[in-house]
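Numbering (the numbering used here), first residue to last: 12 to 654.
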């Protein structure tokens with residue numbers, strides 16, 4: 012909102028990072044019409060949403076710059092409104108002249124009301140001038156407006172005001188925290204000054220562009236726009252995105268939030284039969300969901316088990332509520348899961364080489380990049396997803412692997428939530444570009460600065476419960492995605508944890524691919540995991556490309572781990588093997604032990620998924636045969652190569 016000598020400019024609002032222009036659908040107000048604060052002036056349509064642009068001030072429309080059907084860029088001035096300041100005159104075709112002053116307006120008689128709209132505007136000039144002077148003396152009033160959280164966010168909930176009426180704030184200081192179904196946002200003060208009014212209390216639902224507070228700016232302070240991005244010449248402009256394809260209130264006859272309307276349309280809920288729980292009976296998203304679950308709104312819930320004595324209930328809000336809703340939606344996706352256990356010797360050694368070269372590259376970085384490459388170059392079907400259009404099933408191909416990264420985030424209150432930011436077209440990035448994008452999104456997740464655009468568009472996801480020791484996992488597949496890959500912990504196979512290093516065993520990792528079985532088949536999922544394994548083993552020039560992107564020379568090829576006995580025999584610090592009868596007895600005992608392990612070794616393995624202790628066998632104790640660790644280390648390994 013730009014203010015110029017008693018007028019305000021209404022500008023084309025920002026509607027997400029990917030929206031640069033829109034089309035004027037319909038003017039609700041024409042030149043000369045009176046308009047109230049937040050009353051809709053014009054409807055704008057973009058390739059993402061339809062939006063209603065409200066009036067930032069009460070006044071009279073004095074100029075319209077675009078006709079219905081015109082294409083306008085974000086930030087363009089749509090119209091001008093004469094406010095309570097010095098009021099410009101208006102000619103017949105909507106052109107605005109210079110602001111009319113009290114002197115030029117002439118005397119106004121209270122007994123003789125103006126006969127035309129132009130005379131009415133002139134009559135208000137003297138009073139407007141005095142009001143404008145008084146406002147200037149008191150300091151400029153700056154509005155605090157709900158910001159846009161991304162193209163898919165239309166409303167949010169006031170979590171907490173950080174300041175109260177009368178508090179002095181500096182420009183950029185946090186004044187209020189707002190939670191949406193995607194992210195929690197800290198809204199900074201648009202200017203330095205004093206908070207004079209709070210219009211939306213904690214817990215209230217507010218729409219994007221809504222004025223939630225006002226402050227008196229310090230003299231000389233330059234307010235910045237709150238909620239929209241603008242050029243320097245458009246400081247202070249205010250816009251509002253009301254919702255996606257929102258029906259007009261007069262057409263519906265009920266007061267409901269944009270999200271509530273959208274969910275009601277999806278669920279087939281008649282809003283006329285839903286009781287609102289918000290202020291003035293406004294219907295919220297929770298009311299519609301309650302009605303869909305069998306209630307009648309106003310916070311009604313589906314029947315639930317009675318709470319135990321002393322139990323405490325907490326309303327899920329923001330990202331936690333969104334996660335709960337996504338889990339419910341995931342139940343409608345018919346999935347199947349493929350498992351594959353792979354060795355990680357090459358992955359471990361290549362990562363160690365990068366670490367020695369000074370690069371902080373994790374296992375997950377390399378695994379995620381391999382997934383993105385395979386889903387882009389070899390198996391694009393894994394990024395396809397399902398949609399029902401006009402009642403018929405469709406396969407959607409985005410022609411890109413938009414990789415979602417499941418990030419466990421600790422909230423300010425100590426609770427935890429799951430965020431899934433998305434790397435767009437991840438498979439066509441170089442490894443350095445991928446690494447930068449990955450790290451930037453994870454940092455934004457942990458600092459609570461993700462936008463809705465960061466969280467949208469994912470069609471393949473990666474989750475890593477292996478970092479917590481989970482061996483394998485079958486995660487939920489979100490609607491709109493084709494596949495989610497889960498990686499398990501890295502370690503020796505079950506039963507070999509204690510002896511894996513001594514016998515030269517390789518460490519392994521289990522990967523799962525959970526996919527939408529409506530569009531992806533088991534053979535495709537199995538091949539997908541096989542190709543990921545091939546990349547991680549070093550095929551398809553995977554590590555050559557990674558090392559080249561980072562400017563690191565590719566080290567020696569990975570070597571298979573050697574048994575501890577062989578390593579000890581090759582070590583110069585170990586004494587020469589004993590000879591004679593003692594060595595013959597040791598070899599005979601070792602041969603017997605090898606045979607027992609082959610026949611009864613399964614009795615000592617931990618195979619029960621419920622965690623019961625193995626049955627065991629006394630014959631599997633090498634020291635019972637006189638084979639101490641020292642003696643085993645002195646037996647030449649080549650004697651047993653035939654076995």
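Note that the Cβ used here is the ideal one computed from N, Cα and C, for glycine as well.
Since we're looking at a predicted model, the values are computed, not measured.
*Look at the alpha carbon of residue 478 and the alpha carbon of residue 484, and state the distance between them as a whole number of angstroms.*
12 Å
*Would you kindly report the start and end of the unbroken alpha helix (DSSP H) that includes residue 646?*
Unbroken run through residue 646: none, as it is neither H nor E.
_Distance check for residue 355 and residue 703, CA to CA, integer angstroms please._
Since the first residue shown for the chain is 12 and the last is 654, residue 703 is missing from the structure and cannot be characterised.
*Rounded Cβ spacing between residue 209 and residue 176 (contact assumed at less than 8 Å)*: 6 Å
*Note the first and the last residue of the continuous alpha helix (DSSP H) segment covering residue 550.*
Taken as a continuous stretch (DSSP letters only), residue 550 belongs to no alpha helix (DSSP H), as it is neither H nor E.
*By a C-beta neighbour count over all protein chains shown, 10 Å radius and 16 as the cutoff for buried, is residue 154 buried or exposed?*
buried
_residue 419 (DSSP reduced to helix, strand or coil)_ = strand
_Since residue 186 and residue 173 should fall inside the 8 Å C-beta cutoff, what is the C-beta to C-beta distance between them, to a whole number of angstroms?_
6 Å
_Run of the alpha helix (DSSP H) containing residue 380, from where it starts to where it stops_ = 374-384
*For the putative contact between residue 539 and residue 381, defined by C-beta atoms under 8 Å, what is the C-beta separation to the nearest angstrom?*
At roughly 11 Å, the Cβ-Cβ gap does not stay under 8 Å, so residue 539 and residue 381 are not in contact.
*Look up residue 664 in the DSSP assignment and say whether it is helix, strand or coil.*
Nothing in the structure corresponds to residue 664, since the chain is present only between 12 and 654.
_Quick check on residue 272: buried or exposed, where buried means 16 or more other Cβ atoms within 10 Å of its Cβ?_
buried
*Would you say residue 438 and residue 386 are within 8 Å of each other, going by their C-beta atoms?*
yes
*In terms of alpha-carbon separation, which member of 74, 542, 561 and 171 lies closest to residue 445?*
561
*Taking all protein chains shown into account, decide if residue 366 is buried (16 or more other Cβ within 10 angstroms of its Cβ) or exposed.*
exposed
*Which term fits residue 467, buried or exposed, when burial requires 16 or more other beta carbons within 10 angstroms of its beta carbon?*
buried
*To which residues does DSSP link residue 527 through a beta bridge?*
346
*Thinking residue 222 and residue 49 are a contact (beta carbons under 8 Å), I'd like their distance in whole angstroms, please.*
7 Å
*Roughly how many whole angstroms lie between the Cα atoms of residue 452 and residue 612?*
47 Å
_Would residue 394 and residue 493 be called neighbours here (beta carbons separated by less than 8 Å)?_
yes
*Beta carbon of residue 66 nearer than 8 Å to that of residue 46*: yes
*Determine the closest residue to residue 496 out of 537, 450 and 337, with distance taken between C-alpha atoms.*
537
*Secondary structure at residue 467, three-state DSSP: helix, strand or coil?*
coil
*asked:* So within the stretch 61-89, which uninterrupted beta strand (DSSP E) runs reach at least 3 residues, ignoring any that extend past its ends?
replied: 61-65, 70-75 and 82-84
*What residues in its chain sit with their C-beta under 6 Å from that of residue 549, if we drop five residues either side in the sequence?*
357
*Between residue 19 and residue 473, what straight-line distance do the alpha-carbon atoms span, to the nearest angstrom?*
48 Å
*Straight-line CA distance for residue 349 to residue 610?*
31 Å
*Run through DSSP, which three-state label would residue 396 get?*
strand
*Among 294, 398, 434 and 427, nearest to residue 413 - alpha-carbon criterion*: 434
*Considering only residues of the same chain and omitting the five flanking positions on each side of residue 436, which have a CB-CB separation below 6 Å?*
411
*Beta-bridge pairing of residue 403 - partner residues as DSSP gives them*: 400
*Only counting runs of 4 or more residues, tell me where the alpha helix (DSSP H) segments fall wholly within the stretch 171-197, in order along the chain.*
none
*Determine the DSSP secondary structure at residue 262, reduced to helix, strand or coil.*
Its pLDDT being 37, under 50, residue 262 is placed unreliably by the model, and the measurement read from it follows with that caveat. In this structure, residue 262 counts as helix in the three-state DSSP scheme.
*From residue 630 to residue 518, what does the alpha carbon distance come to, in whole angstroms?*
27 Å
*Would you give the residue range spanned by the beta strand (DSSP E) that residue 20 belongs to?*
18-22
_Looking at residue 294: is its Cβ nearer than 8 Å to the Cβ of residue 522?_
no
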